[in-house]
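Novice:
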Amino acid sequence: MDGYRAGDRDDFDRLYRTTYSRLLRILYAITGDATAAEDCVQEAYVRAFAAWGRYRPDKPAEAWMHQIAVNTAISYRRKAKLRTVGEIIRRMGRPGNTPDPAEGAMRSDLMRALSALPPKVAADFVLRYHHGFTNREIARLEGVSERMVGMRLNRARQELARALGAEWRGELPTSQGPGVVVHRESTGVRDA
Amino acid sequence: MPDRELPEHLKAKLDDELTSGAPLVSPLASQARYARAATTAVPTRHVTWGLVSAAAASAALILVAAAVAPTPAREWIGRSVGNLTQSVEHAGDHSGSVTPSSGRSPESEPSQQTQPTPHESPEPSESPESQESPEPSESPEPSETSEPSQSPEPRETPEPSDSPEPQQSPEPSQSPESGESPEPSDGGGN
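Respectively, the protein sequence lines represent chains A and B.
Mapping the first sequence onto the working numbering, position 156 (from 1) lands on 1035, and the numbers just tick up by one.
Mapping the second sequence onto the working numbering, position 98 (from 1) lands on 280, and the numbers just tick up by one.
(1) Taking contact to mean at least 3 C-beta pairs separated by less than 8 angstroms, is the region 188-207 of chain B in contact with the region 1014-1023 of chain A?
(2) Once the 5 residues before and after Arg1036(A) are set aside, which same chain residues still bring their CB inside 7 angstroms of it?
(3) Considering only the beta carbon of each residue, do Tyr907(A) and Ala916(A) sit closer than 8 angstroms?
(4) Along the alpha helix (DSSP H) that carries Ala908(A), what are the first and last residues, could you check?
(5) Taking only beta-carbon atoms, is Ala248(B) less than 8 angstroms away from chain A?
(6) If we count the other Cβ atoms within 10 Å of its Cβ and call it buried at 16 or more, is His272(B) buried or exposed?
(7) Give the residues of chain A in contact with Ala194(B), contact being defined as C-beta atoms less than 7 angstroms apart.
(8) Measure the beta-carbon distance from Ala1002(A) to Glu1038(A) and round it to whole angstroms, keeping in mind my assumption that it falls under 8 angstroms.
(9) Given this structure, state the Cα-to-Cα distance separating Met1030(A) from Ser1024(A), to the nearest angstrom.
(10) Under 8 angstroms, Cβ to Cβ, is there at least one residue of chain A near Ala211(B)?
(11) Less than 8 angstroms between CB atoms is the rule here; does Ser987(A) satisfy it with respect to chain B?
(12) Can you tell me which of Leu192(B), Arg186(B), Leu245(B) and Glu187(B) puts its alpha carbon nearest to the alpha carbon of Gly1044(A)?
(13) So which of Leu1032(A), Arg1034(A), Lys999(A) and Ala1040(A) has the shortest CA-CA distance to Glu1021(A)?
(14) I'd like to check one pair, Tyr955(A) with Trp943(A): are the Cβ atoms closer than 8 angstroms?
(15) Applying the 10 Å Cβ sphere with the 16-neighbour rule, what's the burial state of Pro324(B)?
(16) At 9 angstroms on the CB atoms, spell out the chain B contacts of Glu1050(A), in chain order.
(17) Work out the CA separation of Val234(B) and His1010(A) for me, nearest whole Å.
(18) Can the beta-carbon of Tyr895(A) be found closer than 8 angstroms to that of Ala940(A)?
(19) Can you tell me which of Val1028(A), Gly911(A), Arg1041(A) and Phe1004(A) puts its alpha carbon nearest to the alpha carbon of Ser987(A)?
(20) Throw me the rounded Cβ distance for the Gln946(A) and Arg215(B) pair, which I believe falls under 8 angstroms.
(21) For Ala204(B) versus Ala913(A), is the C-beta distance shorter than 8 angstroms?
(22) Could one say the Cβ of Met1027(A) lies closer than 8 angstroms to chain B's Cβ atoms, at least one of them?
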């Protein structure tokens, strides 16, 4: 995570290789569209590369890159909402006002529910349950408190449970161990 | 607030959705958009550098022009102001006897006027000097000098060279001295 030198091209390439896949998944959850996620990720790296000379190592480069990517996705979603509103107004009064069925088929219920979450809530959910970050690591990555991360995750589970079923509300761990590995093991034992 | 955990099958579903939806074919760093932008930014830098150099060159030209051009302009302004001052002084000097408008007559007139007063003083051209000198008491000169004063420039250059100093100095000096010296001598002698 450390050892990145501001303005160094090789270090930025290394940062790209290290963070690309994770950011792509997070932005896919935020946007709900793989093409848009890829576009946002690339745009985020372009922005980051333009500001790479001004990067200060007082903050981890991956956290810095994460924030740029999430902000890029937020901008994309805002523009997409405006486009949607404009499209609705344009189609108003015409037949075929229903949503495109092909679009619904391409996007699963889970991805639709994830992309309906607030961007930072969706990002925390993916980091926690897909990438296996702890709340503390997420808090450090995003520069927020662990309590904030916990609230976001709780909100994500509540929203997903409302959209997809009660099982998405999750289950309380049998032990109070903070590590992700402990939870997985306990769950695995229970399932077995 | 206890942190809830998702069941494994939900996690697996989440992994599958994210992995299949956004395939993890991480492109090479050289193929990333920022890498292409960096390569295309090189000509932009050249263009920017060219614009900066052009701006610097134009600024240098403006500075040079500002340093050189104003000097003649100021000289010209100074000359014109000086001429105006002289003309105003001339007009003020001659205002008692001659109107300023008549003083600006053509140059041919002075030549005609110099003819009738060749013996008196051709100096009317130098109006200030002629008036300062005792000659103004001689009535013919002021009346005729009105026109000579019209052309100060042509007159000042040639005439002073001809007879300005010799005439001014001899007339006042000779006449008063010659008149005064004999009188005391006469009176003193008588």
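Every residue, glycine too, gets a C-beta built ideally from N, C-alpha and C.
This one's a predicted model, so the numbers in the text were calculated from it and none came from an experiment.
Specialist: Based on what the coordinates show:
(1) no
(2) Trp1047, Arg1048 and Gly1049
(3) yes
(4) Arg888 to Thr910
(5) no
(6) buried
(7) Ordered by position in chain A, no residue passes the 7 angstroms Cβ test against Ala194(B), which lies about 10 angstroms from the chain.
(8) That belief does not hold up - the Cβ atoms of Ala1002(A) and Glu1038(A) are roughly 14 angstroms apart, past 8 angstroms.
(9) 10 angstroms
(10) yes
(11) yes
(12) Leu192(B)
(13) Lys999(A)
(14) no
(15) Because Pro324(B) carries a pLDDT of 46, less than 50, the predicted location of this residue cannot be relied on, and no value is offered for it.
(16) Arg186, Glu187, Leu188 and Pro189
(17) 48 angstroms
(18) no
(19) Gly911(A)
(20) Rounded, the Cβ-Cβ distance is 19 angstroms, inconsistent with contact.
(21) yes
(22) no
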